[in-house]
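J.:
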Amino acid sequence: MITDSYFEIGNTHDVCQDYALSGKLGEKFAYAIITDGCSQSHKESGEVDLGARIVAYAARKTLFNYLEEVFEAPKAEFRQDNLEDDRKAKTFECLIEDLSVDVGETVVKVREEFGLNPIFSDSTLLVAITDGKIAYVYVFGDGGIIVKTNGGETIYDEISYLSSAPYYLSYALNKEREAQYRKEYGASPVIHTNHVIPFDGGIEDAKITHRQAKEINPDIYKFSSFIYRDFSSISVTSDGIKSFQNLEADIKDVRAIEMVPRFVDFKGKSPVFLKRRMLMIKKENTNKKISHYDDVSVASILV
Amino acid sequence: MSSTVISKSKSMKVDDSMQQLQTPSNYQFSGANLDMLGAAEYTLATVVVDVSGSVSVFKTELEKSIMTTVTSCQDSPRCDNLLMRVLSFNHNLNEIHGFRPLADIDVKEYDNSLNPSGNTALFDAVMNGVEASEVYGKQLVAQDIMANAVIYVITDGCNNSGRATANSVKKAIEKISKNEKSLESVAVILIMVGYGDPMVKAELDAFKTEAGITQFVDLTDLFAKANPAKALAKLAGYISKSVSSTSKALASGSSTAASSKLVI
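Chains W and C are the protein sequences, given in the same order. Taken in order, the first sequence gives residues 1 to 303; the numbers are from the working numbering. Taken in order, the second sequence gives residues 1 to 264; the numbers are from the working numbering.
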């Protein structure tokens, strides 16, 4: 497996509030992480770009803390080839609960150490972990997951909040902020939109399904989780993928589904496969007068 | 089919990390295997150097100039985004080495790499440089690697050998410039060295215009006022700065290769 990551500032921002990380996790696993800092919080604090990076590294640190115990110890459940997927999923769910706690603790330490504004870590967090056969993706806040299956389909799962106010992990660090969020937005649905582009079709042939996350779990507004199998690549992306616009005549939105196949049309297996793809998209978009107003971050794992 | 012979220099080691390629006009050349390349963008810099009989008086200075050029490029902050090719020509074409990452070039191998003799297949040499850049550039772009190219043609005289014509060079340059799926930009810079006379200069200037060559640089005054070593040292400085600015233009998304002016 190889991994790569990329982030790019949007044309309305003065500093990039997205971040992306990826890499190997021991011998068998790989991870992809993106974070997307809250623009509103950045206007108030000016520190969200730093916060997005801290959240990403804190998540990575937690994965590595679990490396020996969960992933590599001789009797670790993940090393059992015949372990049922459900058991693995349960292990990962425990991991993700700990991850949210660990990230919170790290964020508090950094905030206190450097005297930062409590809202500096208002950021989404998307984490994908895979052994090449099965992938687990956890989404705190909004964003997207793009999977290319071995059968040639492209799956795009989009997580969005009808309120346009994603739940950030940092809310859990402050009871008042969490109560405030619950009061204002807790009832507003989180929408999962699943797009499947068939291998022999284009984006207009995509099958699209909308589902409210509450149908899965009424308490879910905090995070969403997904499991994927039988894929050649998996990518996590911020909601910046929805912010592309064609500026040629009247400003015209470019749908995220139009960007999805381009984001993952990887050429070759170079260690910089994603950076090359994204820079080529940037060049092509410049020629077509397409730009994006929000920051974009992507992290990918190629099997 | 070109009647000029393209041969591999015996002074450069055989390298399994290189692939052998051919241009539309059947010129042979080589380039690094793409899986050896680790950057997201590259500038393809080609130095095409005249080794007809008349340059033998400053052969050592020419070799040193190439060494200095490559060493300076190796010290550039953009060195990881540069691929260098060196081609010598008289009535034959001889690839000293193909497109190679700078880190893989040992400048000592340029020592005694030029063997001046014979006539001047200038047009074939320019076509070789242009077409090789186009073919290799297409490969890079197909792998999502952005690329631009700059070709420096160093000569002391006019074309008097080979099959290519000024018009065929012009068509090759036009073709590469119009191909959107190839290089971001291409610049061809013709550099006159030696103690050439005004008629040679006029003919090379006319070739530059007819073929659509980007720039013509005349170093003959410097050869006359100073000496070959100084003139070619200055040339090395110019080429390395020009390569560096061409690479920066690629990084910044400029649509044309920046070429620095040679101040004599």
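Glycine included, every Cβ here is placed at the ideal spot set by N, Cα and C. All figures in this text were calculated on a predicted structure; none of them were measured in a lab.
Report the three-state DSSP secondary structure of Thr266/W (helix, strand or coil).
T.: The residue you call residue 266/W lines up with position 266 of the first sequence. For the sequence presented, residue 266/W should be read as Phe rather than Thr. Reduced to three states, the DSSP call for Phe266/W is coil.
J.: When we look at the beta-carbon of Asn148/C and count the other beta-carbons within 10 Å, is it buried (16 or more) or exposed?
T.: Numbered from 1 along the second sequence, position 148 holds the residue referred to as residue 148/C. Asn148/C comes out buried.
J.: Say whether the region 106-118 of chain W touches the region 201-210 of chain W, bearing in mind that this needs 3 or more beta-carbon pairs closer than 8 Å, one atom from each stretch.
T.: no
J.: Can you give me the C-alpha to C-alpha distance between Arg100/C and Thr69/C, rounded to a whole angstrom?
T.: The residue you call residue 100/C lines up with position 100 of the second sequence. The residue you call residue 69/C lines up with position 69 of the second sequence. About 14 Å.
J.: Which residue comes first and which comes last in the alpha helix (DSSP H) that contains Pro101/C?
T.: As a position in the second sequence, residue 101/C is number 101, starting the count at 1. Run containing Pro101/C: none in the alpha helix (DSSP H); it sits in the beta strand (DSSP E), 93-101.
J.: Which residue's Cα is closest to the Cα of Lys170/C: Val48/C, Glu61/C, Phe123/C?
T.: Indexing the second sequence from 1 puts residue 170/C at position 170. The candidate whose alpha carbon is nearest that of Lys170/C is Phe123/C.
J.: Looking only at its own chain, which residues have a Cβ that is under 6 Å from the Cβ of Ile34/W, when we skip the five neighbours before and after it?
T.: The count along the first sequence starts at 1 and reaches residue 34/W at position 34. Closer than 6 Å at Cβ, skipping near neighbours: Ala20, Leu126, Val236, Ser238, Ser297, Ala299.
J.: Would you check if the distance between the CB atom of Asp50/C and the CB atom of Thr120/C is smaller than 8 Å?
T.: Along the second sequence, one-based indexing puts residue 50/C at 50. Along the second sequence, one-based indexing puts residue 120/C at 120. Against a cut-off of 8 Å, the Cβ pair of Thr120/C and Asp50/C comes out as a contact.
J.: Quick check on Arg182/W: does DSSP put it in helix, strand or coil?
T.: Numbered from 1 along the first sequence, position 182 holds the residue referred to as residue 182/W. Helix at Arg182/W.
J.: Is the beta carbon of Gly151/W closer than 8 Å to that of Phe199/W?
T.: Position 199 of the first sequence holds residue 199/W. Position 151 of the first sequence holds residue 151/W. Yes.
J.: Only counting the same chain, and skipping five residues up and downstream in sequence, which positions put a Cβ closer than 6 Å to that of Tyr110/C?
T.: Working through the second sequence from its first residue, we reach residue 110/C at position 110. The beta carbon of Tyr110/C lies closer than 6 Å to those of Glu63, Ile66, Met67 in the same chain, with the five residues before and after it left out.
J.: Which of helix, strand or coil does DSSP assign to Leu21/C?
T.: Looking up residue 21/C in the second sequence gives position 21. Correct three-state label for Leu21/C: strand.
J.: With distances taken from CA atoms, which of Ile281/W, Ala179/W, Thr286/W, Asp250/W is nearest Ala142/C?
T.: Sequence index remark: in the second sequence, residue 142/C carries index 142 (1-based). Closest option to Ala142/C, Cα to Cα, is Ile281/W.
J.: Residues of chain W with CB under 9 Å from Glu41/C, in chain order?
T.: As a first step, residue 41/C is located in the second sequence; it is residue number 41 there, counting from the start. Those are Arg276, Leu279, listed as they occur along chain W.
J.: Could you run through the region 280-299 of chain W and flag, in chain order, every residue whose CB is less than 7 Å away from some CB of chain C?
T.: Within the region 280-299 of chain W, the residues whose Cβ lies closer than 7 Å to any Cβ of chain C are, in chain order, Met280, Lys283, Thr286.
J.: With 8 Å as the threshold, decide whether the Cβ of Gly240/W is near any Cβ in chain C.
T.: Working through the first sequence from its first residue, we reach residue 240/W at position 240. No, its Cβ sits nowhere closer than 8 Å to a Cβ of chain C.
J.: Distance check for Ser224/W and Pro218/W, CA to CA, integer angstroms please.
T.: Reading the first sequence from its first residue, position 218 is the one you call residue 218/W. Reading the first sequence from its first residue, position 224 is the one you call residue 224/W. Low confidence applies here, because Pro218/W scores a pLDDT of 48, under 50, leaving its location unreliable; read the following figure in that light. The alpha-carbon atoms of Pro218/W and Ser224/W are separated by roughly 12 Å.
J.: What residues are listed by DSSP as bridge partners for His195/W?
T.: Reading the first sequence from its first residue, position 195 is the one you call residue 195/W. Answer by DSSP bridge pairing, in chain order: Tyr156/W, Ile208/W.
J.: So is Met146/C in contact with chain W if we call contact Cβ pairs under 8 Å?
T.: Translated into the one-based positions of the second sequence, residue 146/C becomes position 146. At least one chain W Cβ lies under 8 Å of Met146/C.
J.: Any beta-carbon of chain C closer than 8 Å to the one on Lys24/W?
T.: Against the first sequence, residue 24/W aligns to sequence position 24. It does not: the Cβ of Lys24/W has no partner Cβ on chain C nearer than 8 Å.
J.: Span of the beta strand (DSSP E) holding Asp4/W?
T.: Here residue 4/W refers to the residue found at position 4 when the first sequence is read from its first residue. Element bounds for Asp4/W: 2-8.
J.: Please compile the residues from chain W whose C-beta is within a distance smaller than 8 Å of the C-beta of Leu222/C.
T.: Here residue 222/C is taken as the residue at index 222 of the second sequence, counted from 1. Going along chain W, no residue has its Cβ under 8 Å from Leu222/C, so there is no contact; the nearest lies around 39 Å.
J.: Is the region 40-55 of chain C close to the region 239-252 of chain C, with three or more CB pairs under 8 Å?
T.: Taking a cut-off of 8 Å on C-beta distances, the region 40-55 of chain C touches the region 239-252 of chain C, as three or more cross pairs fall below it.
J.: Report yes if the C-beta distance between Val48/C and Val153/C is below 8 Å; otherwise report no.
T.: On the second sequence, position 48 is the one that residue 48/C refers to. On the second sequence, position 153 is the one that residue 153/C refers to. Yes, the pair counts as a contact, with Cβ atoms nearer than the cut-off.
J.: Whole angstroms are fine: how far does the CA of Gly143/W sit from the CA of Ser160/W?
T.: Here residue 160/W corresponds to residue number 160 of the first sequence, with the count starting at 1. Here residue 143/W corresponds to residue number 143 of the first sequence, with the count starting at 1. Rounded to whole angstroms, Ser160/W to Gly143/W spans 7 Å at the Cα level.
J.: Closer than 8 Å, CB to CB, is Val303/W near chain C or not?
T.: Reading the first sequence from its first residue, position 303 is the one you call residue 303/W. Chain C, which has no Cβ nearer than 8 Å to the Cβ of Val303/W, makes this no.
J.: Here's the rule I'm using: 16 or more other beta-carbon atoms within 10 Å means buried, otherwise exposed. How should Tyr138/W be labelled?
T.: Along the first sequence, read from residue 1 onward, the residue named residue 138/W stands at position 138. Buried: at least 16 other Cβ atoms inside 10 Å.
J.: Any residues in the region 162-176 of chain W with a beta carbon nearer than 9 Å to a beta carbon of chain C? Which ones, in chain order?
T.: none
J.: Please look up how many angstroms separate the CB atoms of Phe244/W and Met259/W, rounded, as I've assumed it's under 8 Å.
T.: On the first sequence, position 244 is the one that residue 244/W refers to. On the first sequence, position 259 is the one that residue 259/W refers to. Yes, Phe244/W and Met259/W are in contact; Cβ-Cβ is about 6 Å, under 8 Å.
J.: Shorter than 7 Å, the distance from the beta carbon of Tyr185/W to the closest heavy atom of the ligand COA, or not?
T.: You won't find the ligand COA in this model; it holds no ligand whatsoever.
J.: If I follow the unbroken alpha helix (DSSP H) through Ser233/W, where does it start and stop?
T.: The count along the first sequence starts at 1 and reaches residue 233/W at position 233. Premise fails: Ser233/W lies in the beta strand (DSSP E), 231-237, not in any alpha helix (DSSP H).
J.: State whether the region 25-44 of chain W contacts the region 21-37 of chain C, with contact taken as three or more CB pairs (one from each stretch) at a distance under 8 Å.
T.: No contact exists between the region 25-44 of chain W and the region 21-37 of chain C.
J.: Give the secondary structure of Ile216/W by DSSP, where H, G and I count as helix, E and B as strand, and everything else as coil.
T.: Taking the first residue of the first sequence as 1, we reach residue 216/W at position 216. Low confidence applies here, because Ile216/W scores a pLDDT of 49, under 50, leaving its location unreliable; read the following figure in that light. Reduced to three states, the DSSP call for Ile216/W is coil.
J.: So, does the CB of Gly51/W fall closer than 8 Å to a CB anywhere in chain A?
T.: Annotation note: the requested chain A is absent from the structure, which comprises protein chains W and C.
J.: Exposed or buried, what is Asn287/W when buried is set at 16 or more other beta-carbons lying within 10 Å of its beta-carbon?
T.: Taking the first sequence and counting its residues from 1, the one referred to as residue 287/W is at position 287. Classification of Asn287/W: exposed, given that the 10 Å Cβ count is below 16.
J.: For a contact meaning CB atoms closer than 8 Å, what does Ala142/C contact in chain W?
T.: What you label residue 142/C is simply residue 142 of the second sequence in a count that begins at 1. Within chain W, the residues near Ala142/C are Lys267.
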